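Residue numbers (this note's numbering), protein chains in the order written: chain H, 194 to 513; chain G, 44 to 367; chain D, 589 to 914; chain Z, -2 to 501; chain F, 3 to 316.
What follows is a short report on a single structure.
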Amino acid sequence: MALVRVKNLSRVFDVSKPWLNRVIERRSKAFLTAVSEVDFEVEPRSTYALVGESGSGKSTIGKMLVGLLKPSSGTVEIEGIDLASETDAAKIDAIRSDIQMIFQDPYASLNPRWRVRDIIVEPVASRGGRTEGLAEKLLEQVGLSVQDAGKFPHEFSGGQRQRICIARALASEPNLIVCDEPTSALDVSVQAQVLNLMSDLKDDFGLTYVLISHDLTVVRHMADKIGVLYLGRLVEEASPNDLFETPKHPYTQMLLEAAPQMDGFGREVQPPEGEIPDPINPPSGCAFHPRCPIAQDICKRQRPEMRSINGMRVACHLAE
Amino acid sequence: MADPVLSIRDLSVEIPTRHGIVRPVDGVSYDIQAGEILGIVGESGAGKSMAGNAVIGLLNPPAHISKGEIWLNGQRIDHLKGDAMRRLRGKEIGMVFQDPLTSLNPLLRIGDQLTETMLTHLPISRAEAEKRAVAALEEVGIPGAAERVNSYPHEFSGGMRQRVVIALALCAEPSLVIADEPTTALDVSVQAQIIALLRRLCRDRGTAVMLITHDMGVIAEATDRVAVMYAGRLAELGPVRDVLTHPQHPYTHGLMASTPLASQGKRRLHQIPGAMPRLDAVPDGCAFNPRCPHATDKCRQAPVPRVSNGQAACWYPLVDEKVI
Amino acid sequence: MLAYIIRRVGQSALVLLIVGLVAFAMFRFVGDPIDNMLGQERTAEDIERLRSQLGLDQPFVVQYYKFLEGAVQGNFGVSYRQGRPVAEILLERAPATLELAMVSGVLAILFGIALGVFTAIRRDGVLANAIMSASLIGVSLPTFLIGILLIYLFSVELGWLPSFGRGETVDLGGWTTGFLTESGLKALILPSITLGLYQMTLIMRLVRSEMLEVLRQDYIRFARARGLRDRAVNFRHALKNTMVPVITVIGLQLGAIIAFAIITETVFQWPGVGLLFINAVQFVDIPVMAAYLMLISVMFVGINLLVDILYFFIDPRLRVDRSGGH
Amino acid sequence: ETLRWARSGDALTLDPHAQNEGPTHTIRHQMYEPLIIRDVTGAFEPALATDWAPSADDPNVWVFNLRQGVKFHDGADFTAEDVVFSFERAKQPNSDMKELIGSITEVRAVDDFTVEMVTDGPNPILPSNLTNLFIMDKGWTEANNTVNVQDFEGGEITFATTNANGTGPYVLQSREPDVKTVMVKNDNYWGIDQFPMEVTEIVYTPIQNAATRVAALLSGEVDFLQDMPVQDLDRVNNADGLVVKQAPQNRVIFFGMNQGADDIEADNIDGANPLADVRVRKAMSMAINRDAIRQVVMRGQSQPAGMIAPPFVNGWTEAMDSESTTDIEGAKALMAEAGYGDGFSIRLDCPNDRYVNDEAICQAAVGMLGQIGITVNLDAKPKAQHFPLITDGKTDFYMLGWGVPTYDSEYIFNFLVHGRESDIGTWNGTGFDNDDLDAKIKSLASNTDLEARNADIASIWRVVQDEQLYIPIHHQVLNWGMSEKVGIEVDPEDQPKIKYFTMN
Amino acid sequence: MSDLPIPVKPKSRFRLALESDLFYTFRRSPVAMVSAAVVVVLVLSAIFAPLIAPTNPFNPASLNLMNGFTPPMTPNAFTGDSFLMGTDDQGRDVFSTILYGMRISLFVGVAAVFFAMVLGITLGLISGYVGGWTETIIMRTADVQLTFPSILVAMLIFGIAKGVTPVEYRDQMAIWVLILAIGLSDWVQFARVVRGATLVEKNKEYVQAARLIGRTPGAIMLRHILPNVLSPVLVIATISLALAIIAEATLSFLGVGAPPTQPSLGTLIRIGQGFLFSGEWWILLFPAITLLALALSVNLLGDWLRDALNPRLR
Ligand SMILES: Nc1ncnc2c1ncn2[C@@H]1O[C@H](COP(=O)(O)OP(=O)(O)OP(=O)(O)O)[C@@H](O)[C@H]1O
Ligand SMILES: Nc1ncnc2c1ncn2[C@@H]1O[C@H](COP(=O)(O)OP(=O)(O)OP(=O)(O)O)[C@@H](O)[C@H]1O
Ligand SMILES: [Mg+2]
Ligand SMILES: [Mg+2]
């Protein structure tokens, strides 16, 4: 059974101007659809990756998964329980301690005024759990030393901080960790350390990851399944090999083509056309159609549904 | 070979700090030819930006050039002061910064920022400058340039703004462009557009480009030669294909190996232990020695050999280590 | 634009309503108006009669409304102390304060901005540092002390400038001005320096720190990297951006000048509303206090409204529709 | 020549009968005239009356012959009718001058230039009461709808509050209350040849802040300064072209104590009034070191007082005026005897803008009383708030200063010793009320046998002294600072009349 | 749980403070050190005034009026007493009076700033963190408050308090009214800065991490955000302290502050300025210098703190 089941998930932000401006300028309310009708499932002990360009709704989905944001519609079920509609406080609490998150910016993720020990044990301490020696144990598990528990975050480098964040995430012994761009602020050499650590911990603790990233190489390296987002919509979902070898959606193809390659010496690519449209007034039909090299009439009119093709899911009228 | 556009000789930059003198650029030398793109790559804090700022004379005090020479088109410029240096900026050296959102003055129209730059450097009339401003915007691929000159920066998207910044850097036709992480803040698709633009300009105008980035992929695709920096020093310098496919310096090698590559599947990533030292605690000898698997006592004591084109700053350069 | 201004006007009106409430509450609850008006030999009847005459038996909201209505028409009642309508006294005194505030405001803004820019640009210069140190003394010396010292030096010891009052004034249809006579102009010098000095120091320090902040911005680095002349960088690029936050504060300071005039007016016996107010406080002359309060807030709100609109013209980002994009 | 004249406060109103207050009278004196004034020496001088005498026929009548050919500023002729009108106006309930003419029952015009005043008994000193009673023009007053005296306390303003139409030597040119009042020479003044009248324009400016006031004189912006701060006398005297002229003032400063009440609220003793015990009052007086106050606070500009009558006043004796002694030990003993050996605490109400260094004197007294165990909490405030406390009987321990424009003890007794009634004893805040004494005081007004009258006065003073009704402090010395070109001697009542000024 | 590693004793806060950048820049700044020294000396001498001062000027019974106007270090003509800084018109030893007056000035200043700080921080935190209507109301109130410069607010409150309190309590009340008045006019700054900082901090990921754990808004505000917004608060508090001291002096100068029998520095200056022309300069000069020294050094410290705590300047 899937650990995470996301159904028809949408999130709309109200970005209207103040009331008075709307009245005077005769505008209606403006809504930004950050996430629109997204469906996916995450198997236990697997890594599910979400990729997409900036503003495609990755973080918004991540926050809805962990309950930091409420969905506008649709549901997120973790272990069969929907945090938004569940009323049993005990169940909610149980699920909450089952989910953790690692953020992009290791510098902003740690309260600079707290000692590392207090930071790490906070998830447990705030629930009244036993914290004796816990921080030290976790620090060793993430490859730091016991002495570090008494230090303050500013005494650590970015990679070390990310390890502390991981230690904090592990403190409440979660099943699911949502990682929002965990390495994009790190240098390659440190990124490798963190990615390796994440893989090790996954095996050791039987963790499930939802990995959010815009870096295709990282995603390919880590994920068991990849979902590609464009303008808040899931446009394609497949295993790494399928996705990278035979991308079905023109956007995925464009993305793969445009991404710089380590062996692409002097590669002359035709750079993709245009930029991501304004999410407040997204294009009709398939949101990608204005930039799509193969777009046809139907793409303008009708929003493509997710279809399964050869074990991949793709939302494109023309994909086959 | 023709004289290089830019030639840096044994350049050091020093910053006096609380913990002693920090040397974010330490004995760096390289040349850039006309029409060539030199990539500068390295981890955050390796001194890439400092080197670029030193060239254009925009080091923030107390940082200053402590040693070495910088030659631009046969003129020595590292000791130029005040107005003399200012005349070179924009005119001879164009600069593109990382963040297009903050590089443009929010209160001035794009066109005004362009004409003001041209009028400062070129002996042309205002009308002429305005005409050229439109042309400059067209050249970097801004649609509807004639109207867009009257727009304010906030009316552009990120990618467009970076094009404007490039247009500004190029509008006085400098012979050298320093681009400090020009694409880091941008999406891949836009990044590809900007890189293509830079390459085209370099090719069409014969401009020399110094492209600072930490993205190996960008280096591979965009540059002709690459200089790898580590802890303020040059680790390796050479044609991009040689350096990336056959790195001689263990650091370059480690860097390449720790990047997840499609070809290598899901195996454990190669990992360089530790992290780049803080610049106030660079170890003696080779700066990389504590992290290097091959380090000997010699690496820990003797200063490393000098880098020359195609050769690494290492006592024990790797041979035949193919990475890609 | 329109919406912006309407909102500002609305907010200003709200501010005035609240201030009005305070003023009204002072009237209603602090000085017992009956006590103040009837004195010793009052009878229960007298009190009742006066209560209904003053409308004190009506509901609070009605009373407040009546008060506001009166206030809008400039009817603030009669000063307990002077026995004259407050509005009349205020009108008589306002020109003195306004002229003083205007001169010191202009001085403070001109010198404040100029010195602020100078000290920011020559951040490490000897002169700039000297100015900065002096400015700290400026904010550390109470205004009244400065006034006393100026009088001592320039009036008593040197005998160059008058030590008190407005000098000769010319009456221009109800507005008495000191601008048109030599003695009036001379009399303005010391008080306006005293009053403006503190605000000038504040503005200068603010301009400096904002300017330094702006000078650190990427677009300034980029402007320098394009080889623009220092003058263009400092003034066209930096100063204009500095003005955006500075203007708001200047607006606040201008309001403060009018209030700080209380001190200056006391020291220099300047016949303005400040002197009136301090006397009112000593005498618990509630009508004058309340009216002064309203007067100050109207001026303050007015200035800030102007400033906000000015703000709007300086910063193009405010002018466009901000809903889309990010 | 312009006289630039400054003092600490402004006239409260111009209405001649609305306020009986020194500085207010001072301004009026330049524009209005009473029947009689006092010259710089304090002697009577004819003003609008040329001569006056009790009627030969009726001891209850005074006859005044009026000056002829006098015109008001607006050109109207001055006649007996105006005098009658003005006296009637001054007797209105709103008038603050009514106490002074309380004994007058009728004023009648015999002819255009003769007026008779009928009193309720023989009143030998009536003329003394008239020196601040200004005459208004009946026609002007009626035309401007200001027949009724302004209700000052009630906050009323009338035409007469801000305008003036007198017979005086100067004409009001402009007035901004608390700011500036300008008067110009009245070229039609009846006495234009009699008096120097060298000042052609008067610019009167109140300056509250003492230092600013002195600075204005020092810097030459002011020619004539009243309310000179005593500490600056030397400085002004030593300055080029400036002089300070001084003279003893007809004003005594003292403390009053509420001794009539059974319990007072300003102290910390419940159920008893320590001030009711004469031993306490004596002890308090003995604790005050008047010499020290003279030396330090007043810088020699005062004369220690033993009674609350200035030396100018009929009834003053040197013996009584030196009765105050300082004796801390004796005072402590008295306190112990009265049962207050441990002292008590009390609030002292004090003005801070009326008398010379009033607040500093109170402060000094606080320290001195502290030495005999009385903890004094000082509450100093402007005169406008202080005086009502006394007249309303809301203070238990207060400072007051008293000048005697009539130069007779009766004036003091009427206001300060007689038990408080609606039209007499109005400034007696002590709660002291002795019916025998009151009768004696009342009889003074109509006692024409001056010897017997003086004996009565002496005996009343004896009681006041023995009861320690008040604690006298000192007689003020008056200081006027002026430019050397101003020629004028100090007026003991602090009432400069500019028509006497010479300018050279 | 024997397999758990033994915790190591971390460095104490004090040691960390000594090693901190702040302390380092402090040691490097002569201005900061000198002004800190001045502040410390002044504050200590105010606190220990009863021990240091030769006389107690607040006890009127101990004064000898004959000592009035004694110049500094010159024997009095009548009593032969001699005073370091002379005496004032009441025979009070100026030196002692300054010490005692400084107590009042400092107490009023510190208490007012503390009051403003607590109020401002609370409202700033709440409006920044909670947002919405709460924020609108609080910040609009702040705008209204800004309409009234401190001096004006203080005088109004003073006037009103004078109108409503019985005379007996006025003296005791004066100081509390001063504190209330100055504090009330000062909270906006704190609220604005704290709100601004809170808006920044609340979007930082450590706050999200805390929310994720399910911590209550109160706990997040207090335990997480508050410690991180304190450095600008510290700067403002220092500068406000200088302002509050000056405001107190100004109000006392205007006669609406400390009573003359318990003079603060401002009251002393008001008294002293009356003797400016008469040659008794010491009555004005010494309190004025003290006030200037106090305000200046606190201001200098604040200035230095602002630079030192500003991360962008480092
Ligand atoms: N609180 C919010 N209010 C309004 N709009 C929001 C809010 N949060 C996110 N958005 C908008 O929702 C869209 C998706 O945002 P999201 O942060 O999920 O993107 P992302 O894919 O994580 O991008 P990035 O790679 O830049 O982090 C963006 O257009 C963003 O501007
Ligand atoms: N004022 C300073 N005092 C001390 N060290 C400084 C100062 N300014 C910069 N440095 C150090 O100089 C080094 C070089 O910085 P530089 O900006 O050149 O690095 P970079 O390679 O461009 O890094 P990035 O990829 O993050 O831009 C950094 O390690 C930085 O910490
Ligand atoms: Mg994101
Ligand atoms: Mg850089």
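Cβ coordinates follow ideal geometry from the N, Cα and C atoms, glycine included.
Remember, it's a predicted structure, so these values are computed and weren't measured experimentally.
Residue environment, residue i, which counts as buried when at least 16 other CB atoms sit within 10 Å
i, result
"G/Arg268", "buried"
"F/Met75", "exposed"
"F/Phe25", "exposed"
"D/Met625", "With a pLDDT of 48 at D/Met625, under the threshold of 50, the predicted position of this residue should be treated as unreliable, though the coordinate-derived value follows. The residue in question, D/Met625, is buried, as its Cβ has 16 or more Cβ neighbours within 10 Å."
"Z/Met365", "buried"
"H/Val228", "buried"
"Z/Glu394", "Position check: residue 394 of chain Z holds Phe in this sequence, whereas Glu was assumed. Z/Phe394 is buried by the Cβ-count criterion."
"H/Ser382", "buried"
Chain-order list of residues whose beta-carbon lies under 6 Å from that of residue i (same chain, five-residue window excluded)
i, result
"Z/Ile454", "Gly312 and Ser406"
"Z/Pro51", "Trp59"
"G/Ala338", "Asn332"
Distance between residue j and residue i (C-alpha atoms, nearest Å)
i, j, result
"D/Gly662", "D/Glu676", "9 Å"
"Z/Glu18", "Z/Ala8", "8 Å"
"Z/Asn349", "Z/Gly253", "16 Å"
"Z/Arg86", "Z/His471", "36 Å"
"G/Ala179", "H/Pro305", "46 Å"
"D/Pro621", "D/Pro875", "Confidence in D/Pro621 is poor, its pLDDT being 49 and thus under 50, which makes the residue's placement too unreliable to answer from."
"F/Ile248", "D/Phe732", "10 Å"
"G/Ala189", "G/Ile237", "21 Å"
"Z/Thr502", "F/Val43", "Outside the shown range of chain Z, which is -2 to 501, sits residue 502 of chain Z, and nothing can be said about it."
Other residues of its chain near residue i: CB distance less than 8 Å, five sequence neighbours each side excluded
i, result
"Z/Gln228", "Arg296"
"Z/Gly188", "Pro166, Met194 and Lys496"
Close beta carbons around residue i, own chain, < 7 Å, minus the five adjacent residues each side
i, result
"Z/Thr10", "Gln16, Thr21, Gln147, Phe149 and Thr158"
Next on the checklist: Between the region 696 to 705 of chain D and the region 795 to 805 of chain D, can you find at least three pairs of beta-carbon atoms closer than 8 Å?
Outcome noted: A contact exists between the region 795 to 805 of chain D and the region 696 to 705 of chain D.
Next on the checklist: Assess contact between the region 102 to 120 of chain G and the region 262 to 277 of chain G, defined as three or more Cβ pairs (one per stretch) separated by less than 8 Å. Is contact present?
Outcome noted: Segments in contact, no.
Next on the checklist: So, does the region 67 to 86 of chain G touch the region 178 to 185 of chain G, judging by three or more C-beta pairs under 8 Å?
Outcome noted: Here the region 67 to 86 of chain G makes no contact with the region 178 to 185 of chain G; the two share fewer than three CB pairs at distances below 8 Å.
Checklist entry - Looking at C-beta atoms only, is the number of pairs between the region 235 to 254 of chain H and the region 402 to 419 of chain H that lie closer than 8 Å three or more? => result The region 235 to 254 of chain H, when compared against the region 402 to 419 of chain H, does touch it at the 8 Å Cβ threshold.
Checklist entry - Below 8 Å, can you find three or more Cβ-Cβ pairs linking the region 894 to 902 of chain D to the region 179 to 189 of chain F? => result Touching, no, given that fewer than three Cβ pairs across the two stretches are closer than 8 Å.
Checklist entry - Looking at C-beta atoms only, is the number of pairs between the region 300 to 311 of chain F and the region 224 to 242 of chain F that lie closer than 8 Å three or more? => result Contact between the region 300 to 311 of chain F and the region 224 to 242 of chain F is present, because at least three Cβ pairs lie under 8 Å.
Checklist entry - Listed in chain order, which residues of the region 211 to 226 of chain H have Cβ atoms closer than 8 Å to some Cβ of chain D? => result The residues in question are Pro211, Leu213, Asn214, Val216, Ile217, Glu218, Arg220 and Ala223.
Item to check | Contacting positions in the region 833 to 851 of chain D - beta carbon closer than 7 Å to chain F | outcome: Of all residues in the region 833 to 851 of chain D, the ones placed with a Cβ closer than 7 Å to any Cβ belonging to chain F are Leu840, Gly843, Ala844, Ala847, Phe848, Ile850 and Ile851, in chain order.
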